[in-house]
Amino acid sequence: MVLNPAEPVTRTFTLREPLLLFLVGACLSISQFVMIRDFVTILYGEEVVIILVTAAFFMGLSIGYFISLKFSYKFFHNSFLAIVFLHLTFPFSYRMLAVEIARLNLDGYMYVVLMFVYALIFSSIFAVFLPRLVHEKSSDKESAIQKMKVLYSMELIGFAAGFAIVSMSWNKGVDFILPIYWALLAVIIHLALQKKTWTAAFVLLAIVSSNSIEQVDRRTTALLYEHKHHFHEAETLLTINSAYQKVEVIKDEDGELYLYLDGLLNLNASDLEDLNYYIAETPARLIKPERTLIIGNGTLSSVPKVYPHSKFVQSVELDAGVLLAGQKFFTPTDELKGLDRWNLIVDDGKHFLKTTDHMFDLIIMDIPSPLTIQEAILHTKEFYQLAKSRLTEKGVIAVQLSGPLQHNNRTPARVVAALSEVFDEVMVINSDQADRSFGFASRQLPFSGADMRQATHEYEKGLKIIVPNDIPSYLSEAVPLALDNLDLVLCRGLDRFTDRYFDVDRDPCRKVRDWTEGYFNND
Amino acid sequence: MTKYPIYAFLTGLYFSTLQFCYLILLQMNISSAYLTYMIITTSWLIGSIAGLWFEKLDRNIGVGLGLFSYYSVYAMVTEICRSQVLLSFWRHWGRV
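Chains A and R supply the protein sequences, listed in that same order.
523 is the number that the working numbering gives the last residue of the first sequence; the numbers go up by one with no jumps.
619 is the number that the working numbering gives the last residue of the second sequence; the numbers go up by one with no jumps.
As structure tokens, this is what we get:
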């Protein structure tokens with residue numbers, strides 16, 4: 001049998017090895033995707049978490065390579081079998097363990113330990129094959145190098161094939177990709193161990209498990225939301241992997257719908273009303289734009305709000321998975337029927353702005369907070385400069401600021417600072433009802449604070465309006481977000497992560513800055 | 524004995540940094556669409572296989588070639604608005 005030094009070399013055997021490595025590469029690719037997506041969702045998808053989970057996966061691989069030649073064939077055989085059968089619980093077992101950690105209110109470190117243990121178990125076993133196959137039966141250094149070239153190439157080609165399989169699973173649940181993954185694993189078991197009983201046992205269990213993937217996926221997701229996100233009762237209406245993130249729609253005990261992206265709350269149905277009112281409907285009513293551009297807003301819920309006030313509405317959303325969730329649960333297709341002055345393009349906002357020939361009177365930036373680099377790029381002064389180039393003379397860009405504007409260097413202030421660097425006039429409104437501020441920027445704002453007050457007084461009485469002249473006083477500490485200054489992504493992510501799991505003092509970046517300044521000032 | 528693990532570690536660090544910077548460079552200047560990530564990963568896989576089989580591609584050339592490719596792309600994306608050919612290609616990048 002393969003990987004067993006006692007087995008004689010035959011023609012079938014030599015063909016089997018490259019095929020085995022090809023399949024190992026494909027499985028690595030798929031398991032990397034499933035594991036990273038799921039752990040990022042469990043730990044909440046800030047950039048810091050994405051880096052940590054990816055590091056855990058690669059650490060598992062490195063350990064696998066490192067120890068591959070340090071144990072006997074028997075140990076390999078037994079541990080491989082145990083792990084490969086454990087793969088049938090993948091990714092539900094670690095999701096359930098995360099639920100238990102949350103339920104028992106265990107220390108936050110337990111999540112990190114869980115992630116590293118699973119990364120070790122799941123990725124290291126695949127890393128063992130290549131060194132063992134290269135090492136065994138290679139009579140000299142030359143033949144070992146030649147074998148390594150062939151087998152490593154096959155593993156890389158397999159990885160590319162796995163990547164293609166992953167691409168086919170976009171906007172589908174794990175019930176699409178897991179049966180394929182298990183089928184590949186069954187072939188690996190057969191090629192590696194050559195024991196029909198083990199292969200048959202695995203196939204049988206895989207077939208039985210395949211029938212309930214969707215139900216188990218939905219139930220374990222709901223349990224995660226009940227215990228980790230503190231829902232009293234949760235029902236999973238949708239859980240899919242888009243090309244960019246895990247998209248989940250959860251219903252609570254009152255029937256309220258929530259959209260989660262990589263485990264982070266994007267919006268709920270009630271918030272959506274306030275958000276759409278301030279970021280879309282209000283500026284559209286005040287400006288009466290010829291052409292409106294909506295970037296983001298995957299739920300498409302702001303389209304019907306803007307449409308009556310604008311002669312043409314262009315929506316640009318990158319993630320087809322969010323669009324799918326939006327149309328299914330947040331904006332019924334009926335609401336969008338007959339909107340013949342509306343167009344939707346699936347594209348990246350900045351790519352669209354760089355390549356469009358049109359000018360806009362209103363650009364609505366309905367995108368998530370800058371918690372990942374991709375999102376943060378859309379809050380930088382360089383991006384606002386690009387948006388400005390596609391705005392008409394009195395065109396306005398409307399931005400949600402992810403929180404209330406205050407006299408500090410946190411996200412809302414930094415976004416407003418970036419807007420202020422690019423535009424001559426910036427107005428900010430702070431809504432208690434929406435629990436955040438909204439910024440409106442232009443070369444020359446076509447509405448005043450009084451206009452804004454008049455337009456909104458029936459919706460919210462105590463709305464705070466900060467007129468352009470008062471904005472600079474809020475920005476004394478704020479550093480504008482820029483492409484070469486995206487520290488906010490890591491700092492805010494680290495702040496949230498350490499606060500959530502380790503109960504560490506807030507804002508570790510500020511502590512480092514203070515310490516550095518203190519150190520150099522003392523010198 | 525310790526020379527090669529350190530060399531391998533540093534090479535890994537170098538190429539992972541280069542790959543990350545390359546991804547961010549394209550995301551900032553062209554598009555954050557999935558196509559960008561897919562092209563980089565596929566290119567990385569093809570490059571790794573080429574590195575295995577091209578005898579003349581030793582480690583020094585490989586490291587230098589990586590840096591040269593990065594700055595070539597950097598120059599290309601910053602000049603993109605001035606080239607009609609690149610601009611035309613760029614319009615279709617990542618749009619569905």
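Glycine included, C-beta positions come from ideal geometry on N, C-alpha and C.
Query, Result
"Would you list, in sequence order, the uninterrupted beta strand (DSSP E) runs of no fewer than 3 residues that lie entirely inside the segment 269-356 of chain A?", "291-296, 312-317, 342-346"
"Please check if any C-beta of chain A sits within less than 8 Å of the C-beta of residue 575 of chain R.", "yes"
"Using C-beta distances below 8 Å, list every residue in its chain close to residue 444 of chain A, excluding the 5 sequence neighbours before and after it, in chain order.", "393, 394, 424, 425"
"Which residues in chain R sit within 8 Å of residue 318 of chain A, going by Cβ to Cβ distance?", "555, 556"
"Quick one: Cα of residue 404 of chain A to Cα of residue 52 of chain A, how far?", "30 Å"
"Give a yes or no on whether 8 Å exceeds the smallest Cβ distance from residue 599 of chain R to chain A.", "no"
"Spatial neighbours of residue 191 of chain A within its chain, please: CB distance less than 8 Å, with the 5 preceding and 5 following residues excluded, ordered by chain position.", "2, 16, 19, 20, 23"
"Among A:391, A:26, A:212, which one has its Cα closest to the Cα of residue 154 of chain A?", "A:26"
"Just to confirm, is the Cβ distance from residue 109 of chain A to residue 35 of chain A under 8 Å?", "no"
"Under 9 Å, CB to CB, which of the residues in the segment 96-125 of chain A have a partner in chain R?", "none"
"Could you pull out every residue in the same chain whose Cβ sits closer than 8 Å to the Cβ of residue 220 of chain A, ignoring the five residues on either side in sequence?", "92, 95, 96, 99"
"Using a Cβ cut-off of 7 Å, pull out every chain A residue sitting near residue 542 of chain R, in sequence order please.", "None at all; the shortest Cβ gap to chain A is about 12 Å."
"Please look up how many angstroms separate the CB atoms of residue 381 of chain A and residue 480 of chain A, rounded, as I've assumed it's under 8 Å.", "5 Å"
"Taking 8 Å as the CB-CB limit, is residue 298 of chain A close to chain R?", "no"
"With DSSP run on the structure shown, which of helix, strand or coil describes residue 70 of chain A?", "coil"
"Counting Cβ pairs, one atom from each stretch, are 3 or more of them under 8 Å apart for the segment 481-498 of chain A and the segment 407-415 of chain A?", "yes"
"Taking the alpha carbon of residue 351 of chain A as the reference point, which residue from R:593, R:538, R:557, R:542 has its own alpha carbon closest?", "R:557"
"Is it the case that the segment 297-307 of chain A contacts the segment 329-345 of chain A, given that we only count it when at least three CB pairs across the two stretches are under 8 Å?", "yes"
"How about residue 568 of chain R: is its C-beta nearer than 8 Å to some C-beta of chain A?", "yes"
"From A:378, A:446, A:450, A:459, pick the residue whose C-alpha is nearest to that of residue 419 of chain A; which is it?", "A:378"
"Would you please verify whether the beta carbon of residue 374 of chain A is less than 8 Å from any beta carbon of chain R?", "yes"
"Can you tell me whether residue 524 of chain R is buried or exposed? The criterion is at least 16 other CB atoms within 10 Å of its CB, across all chains shown.", "Any reading at residue 524 of chain R is ruled out, since the residue's pLDDT is 43, under 50, leaving its predicted position unreliable."
"Taking a Cβ distance cut-off of 9 Å, strictly less, list which residues of the segment 196-212 of chain A are near chain R, in chain order.", "none"
"Have a look at A:123, A:151, A:70, A:103 and flag the residue whose alpha-carbon is nearest the alpha-carbon of residue 576 of chain R.", "A:151"
"Using only CA atoms, which one of A:255, A:475, A:107 lies nearest to residue 231 of chain A?", "A:255"
"Assuming residue 227 of chain A contacts residue 398 of chain A under a Cβ cut-off of 8 Å, what Cβ separation, rounded to an integer in Å, is found between them?", "About 37 Å separates the two Cβ atoms, so there is no contact after all."
"Less than 8 Å between the CB atoms is what I'm expecting for residue 527 of chain A and residue 287 of chain A, so what's the real figure, rounded?", "Outside the shown range of chain A (1 to 523) lies residue 527 of chain A, about which nothing can therefore be said."
"Anything in the segment 582-594 of chain R with a Cβ closer than 7 Å to a Cβ of chain A? List those residues in chain order, please.", "none"
"Could you tell me the alpha carbon to alpha carbon distance between residue 50 of chain A and residue 261 of chain A, rounded to whole angstroms?", "13 Å"
"Are the Cβ atoms of residue 69 of chain A and residue 135 of chain A separated by less than 8 Å?", "yes"
"Keeping to the same chain, check which residues put their C-beta closer than 8 Å to that of residue 285 of chain A; ignore five residues upstream and five downstream.", "309, 455"
"Measure from the alpha carbon of residue 80 of chain A to the alpha carbon of each residue in A:168, A:188, A:212, then state which is nearest.", "A:188"
"Taking C-beta pairs closer than 9 Å, name the residues in chain R that residue 336 of chain A reaches, listed in chain order.", "Going along chain R, no residue has its Cβ under 9 Å from residue 336 of chain A, so there is no contact; the nearest lies around 18 Å."
"Determine, for residue 80 of chain A, whether the minimum Cβ-Cβ distance to residues of chain R falls below 8 Å.", "no"
"Between residue 542 of chain R and residue 428 of chain A, what straight-line distance do the alpha-carbon atoms span, to the nearest angstrom?", "39 Å"
"CA-CA distance, residue 619 of chain R and residue 554 of chain R?", "Interpretation of residue 619 of chain R is limited by its pLDDT of 48, a score under 50 that renders its predicted location unreliable; the figure taken from the coordinates is listed afterwards. Computed Cα separation, rounded: 12 Å."
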